[in-house]
Amino acid sequence: MNMISFGLIITGVLLNAVAQLALKASVKEMGAIELSMVSAFPTAQRLMLEPGLWLGLVCYGVSVIVWILALSRVDVTIAYPMLSIGYIVNAFAAWALFGEALGPGRLIGIGVIILGVFILARS
C-alpha cells in the first residue's frame with residue numbers, strides 16, 4: 222500500500238471517527254431518545270438545531286467520498302479492516318471528551334485491534 226492510499230484510508234477513518242463523536246455530542250444533553258410517534262417530531266426538531274448533528278453528517282458525507290477514492294486504490298479486504306482504527310481513536314476521544322470508561326477489557330481489546338491492523342497493513 223502506498224502513502225496516498227494509506228493517507229486516504231486514515232483520512233476516511235478519522236472523518237468517520239469525528240462524525241461519531243459529533244453525533245454523540247449532539248445527543249449528549251438529550252439523554253436516551255424515546256422511540257415513539259409522539260416524541261419523534263419534537264426530537265427531530267431539537268436535533269436539527271444541534272451543530273454536532275450537522276458536523277457529523279458533513280463528516281460522514283466527506284468520508285464516503287474519501288472512502289470511494291481509497292477503495293479505488295486498495296483491496297477492500299485490506300481497507301475495510303482498517304476502519305477498526307476508528308474504534309481506537311473514538312475510545313480514547315470518548316474517554317477524554319465524554320468521560321467514558323476505558324477499563325482493562327477495553328484496553329486489551331484496543332491492543333488486539335492495533336496488532337491486527339499492524340499485521341494487516343504488513344500483508
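Each step along the sequence shown adds one to the number in our numbering, with nothing skipped, and position 45 is 266. Beta carbons are placed, not taken as given, at the ideal position from N, Cα and C, and that holds for glycine.
#1: Tell whether a beta-carbon distance below 8 Å holds between I299 and L341.
#2: Can you find at least 3 beta carbon pairs, one from the region 297 to 313 and one from the region 230 to 245, that sit closer than 8 Å?
#3: So does the region 322 to 335 actually touch the region 251 to 270, counting three or more Cβ pairs closer than 8 Å?
#4: Excluding the 5 residues flanking S284 on each side, which residues of the same chain have their C-beta closer than 6 Å to its C-beta?
#5: Specify, as a first and last residue, the run of the alpha helix (DSSP H) that S226 falls within.
#6: From which residue to which residue does the alpha helix (DSSP H) around R294 run?
Let's see:
#1: Your numbering for residue 299 matches position 78 in the sequence shown. Your numbering for residue 341 matches position 120 in the sequence shown. Going by C-beta atoms, I299 is nearer than 8 Å to L341.
#2: yes
#3: no
#4: For the purposes of this step, residue 284 is taken as residue 63 along the sequence shown, with counting starting at 1. Once the five neighbours on either side are set aside, the close Cβ partners of S284 are G233, L236 and N237.
#5: Mapped onto the sequence shown, residue 226 falls at position 5. From DSSP, the alpha helix (DSSP H) with S226 extends over M224 to K249.
#6: For this step, residue 294 is matched to residue 73 along the sequence shown. R294 -> no alpha helix (DSSP H), and no H or E assigned at all.
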